[in-house]
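Protein chains in written order, with this note's numbering: chain A, 32 to 323; chain B, 15 to 327; chain C, 14 to 379.
Even glycine gets a Cβ: it sits at the ideal position worked out from N, Cα and C.
Every value quoted in this text rests on a predicted model; they were computed, and no experiment measured them.
Heads up, the thing below is written out as structure tokens.
Right, here's the structure in full:
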């Protein structure tokens with residue numbers, strides 16, 4: 032009995048270590064790849080460490096690619112994401128409050144639509160959105176990306192859950208007795224208490240927006256306006272190793288270590304957010320069960 | 015008195031009566047109006063970027079390119095397209111692998127982590143979850159490296175399987191599995207963390223009661239923990255299903271990097287994109303979009319109304 | 014200050030038939046402390062919230078002074094309220110919490126500071142003014158909630174079970190503090206509780222509500238001595254009054270197998286037939302001569318200053334279910350009885366109440 036318990040522990044540990052390797056070896060490999068030359072990638076062992084000078088070289092090559100294209104893409108990603116997140120929050124906080132703590136005709140319907148649109152992936156709407164944006168001449172402008180980003184029903188649902196579960200109705204009653212009108216109740220009581228949910232919505236919206244590929248891929252035509260996720264594709268198409276004997280338009284060629292570095296740079300903001308947001312993720316995804 | 019009483023306004027009373035249909039103490043008068051004000055900005059966004067494109071897609075799918083009602087002809091043409099069925103088959107295969115992996119591996123891992131000491135399990139969870147930051151294009155790139163036998167840290171595995179070049183790894187029949195691996199690599203950690211959180215929400219007393227009732231670790235996992243987080247498993251599966259049907263970036267980038275090894279109409283979304291922009295037929299593309307929307311809608315509706323996971327009151 | 018008057022005030026929740034508050038008529042005098050008491054769900058909190066303006070009034074009127082406040086939002090009613098869970102703003106410190114209403118009323122900063130100081134002094138909260146509610150104990154929070162009400166110097170205080178979240182000991186001491194504070198400030202107060210002890214000890218007058226209907230309003234002593242019906246009789250007093258099914262016969266009242274004589278004054282009014290007999294625990298005493306209601310002791314509760322005997326009527330001794338009617342008797346602590354003893358109980362003169370067996374209305378003797 033004791034032995035079998037022990038055996039199970041060993042098996043369990045092996046399984047866990049196996050999955051750890053699966054999840055983390057790629058990350059380590061990409062980190063190491065940035066310190067090597069393209070040739071070293073194939074010639075030396077996959078876990079060998081290169082040199083700092085190779086890293087510096089890759090850095091210079093990446094950021095020098097097509098006169099600072101990478102910097103521009105990162106800026107674009109930042110503008111699109113921050114724009115989308117900001118409007119999404121400005122809309123979601125009062126909406127969640129209204130849905131949770133006020134009464135109006137159509138409230139339940141609005142909530143149901145919010146739930147459905149939040150679960151349905153938005154990808155299938157990208158083509159009609161493109162036509163919509165095109166009809167008002169907004170394609171290939173930041174607005175074509177920011178505006179669809181700012182519609183974030185999941186954020187509204189999170190705010191709704193937050194307000195209905197963490198703000199007691201009596202607190203609002205107290206504010207009304209204390210002399211607030213409806214706007215005052217929101218402004219002085221609900222809004223200052225909403226800080227935690229702002230972080231929650233910002234996290235989910237930011238990760239979704241920064242990583243979004245398809246929407247900007249369809250909306251943005253100019254190279255200089257691409258976000259970094261789509262920029263990565265452009266880098267792939269300029270990578271020598273992936274396009275043997277096909278330098279395309281005679282553009283500058285990218286080596287694989289630079290591409291590995293590009294991956295790291297492109298995901299850095301999300302990775303930083305991720306590092307601190309594990310609990311946020313759980314809280315957000317499990318929202319809704321709070322009152323069962 | 016500190017707060018001067020406002021003189022009663024004639025008509026105020028009847029308004030109170032009409033506005034006073036609230037059970038929860040939402041008060042008299044301006045409440046209903048203010049509700050509309052609070053949701054107004056969101057409703058505008060919803061109308062413009064949620065409802066309008068949906069309606070537009072439906073409209074397009076039912077009309078002809080030059081105008082005029084097409085009824086189902088866009089759909090029949092799309093369904094009869096030689097690329098349509100394969101695209102859906104690809105996605106179905108991918109989903110089958112990914113969903114089974116979710117329902118088994120993620121649960122097993124979450125349960126295992128939940129039985130470990132808090133510190134240790136926190137370390138594992140962090141390692142599993144971090145690749146989630148590399149979603150989208152980045153993860154595809156990482157796996158292009160991982161699957162190239164000349165570079166890969168897994169080259170010994172790949173060579174055991176007999177693959178010496180990336181072309182052999184990226185055979186069309188392998189793609190659903192490969193995309194499922196990518197999805198698992200970026201998505202599983204997050205879900206493990208979430209399932210772990212759900213497990214943590216189970217009151218300690220319940221597990222202690224099970225222990226006193228004689229359940230060992232396996233039995234308590236199988237008979238207590240699993241039933242209690244079942245609804246979250248359903249939640250995860252339906253969300254993954256709805257999202258999985260929308261596959262685009264993975265086949266798109268792999269195709270890009272392998273110079274045509276992967277068809278550029280591999281997934282339904284790619285096909286819709288191709289028909290829209292290359293064939294210049296937005297109406298037929300809309301028919302595919304609507305089909306995908308219906309699939310998503312079915313998933314969403316099931317999730318919302320069948321599982322009672324979400325609260326609408 | 015002002016009077017408060019409920020005039021035929023009713024509240025009907027949407028999609029329900031029964032009125033949550035059914036034509037409530039209640040007058041609260043200027044500076045008076047009235048307690049609304051009743052079992053949970055009886056409509057007492059709803060009545061309070063109707064006065065606050067947090068709950069609409071569907072029929073009738075509510076007046077503060079001469080003004081009908083129906084339709085006025087809470088902020089225009091010049092009332093202050095203490096909530097059951099205190100409803101302190103978690104993001105504001107104690108001083109900000111207490112001064113918030115004054116800020117909303119656009120009082121000058123210096124005036125707010127003075128008034129908050131004043132209230133803090135009264136409530137012994139001066140050293141906590143900078144703290145957030147989360148850093149306070151339950152009793153301190155309760156005092157902040159009180160302070161928030163008194164800084165406003167309103168026309169009416171509304172208190173919704175303000176003591177229910179305190180532990181038993183603190184509840185007793187706070188009870189007297191609130192009553193004392195109220196009489197010092199002289200602000201008209203409506204106080205809601207489900208605890209009849211609280212009601213009896215605090216209220217100038219007590220209003221008993223059941224199922225949305227006001228049963229009786231009176232001073233505590235009168236409620237105890239002359240309850241209007243068997244509900245009020247059973248609700249007020251602890252341990253509760255013994256209510257026993259009985260029959261009036263020619264020669265007296267038949268309780269089980271025992272015949273108890275009845276004062277003449279009752280006999281003429283009650284007539285012959287079934288009746289409910291009400292006996293307070295102190296209305297009974299142990300009979301030394303063995304004449305009276307025979308019972309078997311089930312349990313003795315020693316409280317030090319007194320003791321309660323829980324006994325079972327002898328007639329029913331064969332059936333030992335939990336629900337068989339028990340009778341409670343208050344005795345001096347010196348009396349020695351133990352579980353299983355057979356005792357005989359005598360009804361003290363003039364201490365028996367009779368209620369109509371059907372309607373529960375008390376049959377008055379005189």
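- Under the Cβ criterion of 7 Å, residue 196/A is not counted among the residues facing chain C.
- Assignment of residue 226/A by DSSP, reduced to helix, strand and coil, places it in the helix class.
- Between residue 123/B and the set 65/B, 211/B and 165/B, the nearest pair of CA atoms involves 211/B.
- Contacts with chain B (Cβ-Cβ distance below 7 Å) from the region 298-311 of chain A involve 298, 301, 302, 305 and 309, listed in chain order.
- The C-beta separation of residue 193/B from residue 108/B comes to about 5 Å, placing the pair in contact by the 8 Å criterion.
- Shown here, residue 172/C sits in a strand according to DSSP, grouped into three states.
- DSSP places residue 324/C inside the beta strand (DSSP E), whose first and last residues are 320-326.
- Annotation for residue 59/C: 24, 33, 34 and 68 place their beta carbon closer than 7 Å to its own, counting only its chain and skipping 5 residues before and after.
- Neighbours of residue 72/A in chain B, taken as residues whose beta carbon is under 7 Å from its own, are 165 in chain order.
- By the Cβ neighbour-count rule, residue 256/C is buried, with 16 or more other Cβ atoms within 10 Å of its own.
- Close partners of residue 210/A in chain C (Cβ separation under 7 Å): 88, 114, 117 and 118.
- For the options 265/C, 64/C, 292/C and 28/C, the alpha carbon positioned closest to that of residue 202/C is the one of 64/C.
- A residue is called buried once 16 or more other Cβ atoms fall within 10 Å of its Cβ, and residue 375/C is buried on that count.
- Assignment of residue 161/B by DSSP, reduced to helix, strand and coil, places it in the coil class.
- Judged by their CB atoms, residue 175/C and residue 95/C are nearer to each other than the 7 Å cut-off.
- In chain order, 257, 259, 290 and 306 place their CB closer than 7 Å to the CB of residue 268/C, counting only its own chain and leaving out the 5 sequence neighbours on each side.
- In the structure shown, the three-state DSSP call for residue 270/A is strand.
- Against chain B, the beta carbon of residue 316/A has neighbours under 7 Å at 208, listed in chain order.
- In the three-state DSSP reduction, residue 143/C falls in the coil class, being neither helix nor strand.
- In this structure, residue 57/B lies away from residue 297/B, with their beta-carbon atoms at least 7 Å apart.
- The alpha carbon of residue 114/A has as its nearest neighbour, out of 150/A, 125/A and 176/A, the alpha carbon of 176/A.
- Within chain B, the residues placing a beta-carbon under 7 Å from that of residue 274/A are 273, ordered along the chain.
- Burial is judged here by how many other beta carbons sit within 10 angstroms of a residue's own beta carbon; residue 57/A has at least 16 and is buried.
- Those residues of the region 218-236 of chain A placed with their C-beta closer than 7 Å to a C-beta in chain C are 220, 223 and 224, ordered along the chain.
- By the Cβ-count criterion, residue 299/B is buried, with 16 or more other Cβ atoms from all chains shown falling within 10 Å of its own Cβ.
- By the 16-neighbour rule on beta-carbons within 10 angstroms, residue 267/B is buried.
- Rounded to the nearest whole angstrom, the C-alpha separation of residue 106/B and residue 209/A is 59 Å.
- Listed as beta-bridge partners of residue 220/C by DSSP are 49/C and 230/C.
- With respect to residue 292/A, residue 65/A sits close: the two C-beta atoms are nearer than 7 Å.
- Residue 40/A sits in a helix when the DSSP states are folded into three classes.
- For residue 287/A, the uninterrupted alpha helix (DSSP H) run begins and ends at 287-307, by DSSP.
- Cβ neighbours of residue 152/C within its own chain (closer than 8 Å, five residues either side excluded): 179, 183 and 187.
- The beta carbon of residue 263/B falls within 7 Å of a beta carbon belonging to chain A, placing the residue at that interface.
- Flagged as an interface residue toward chain C: residue 205/A, by a C-beta distance shorter than 7 Å.
- Taking the Cβ atoms as the reference, residue 279/B lies roughly 22 Å from residue 84/B, outside the contact range of under 8 Å.
- Counted as a single uninterrupted DSSP element, the stretch harbouring residue 120/A is not any beta strand (DSSP E) but the alpha helix (DSSP H) occupying residues 100-132.
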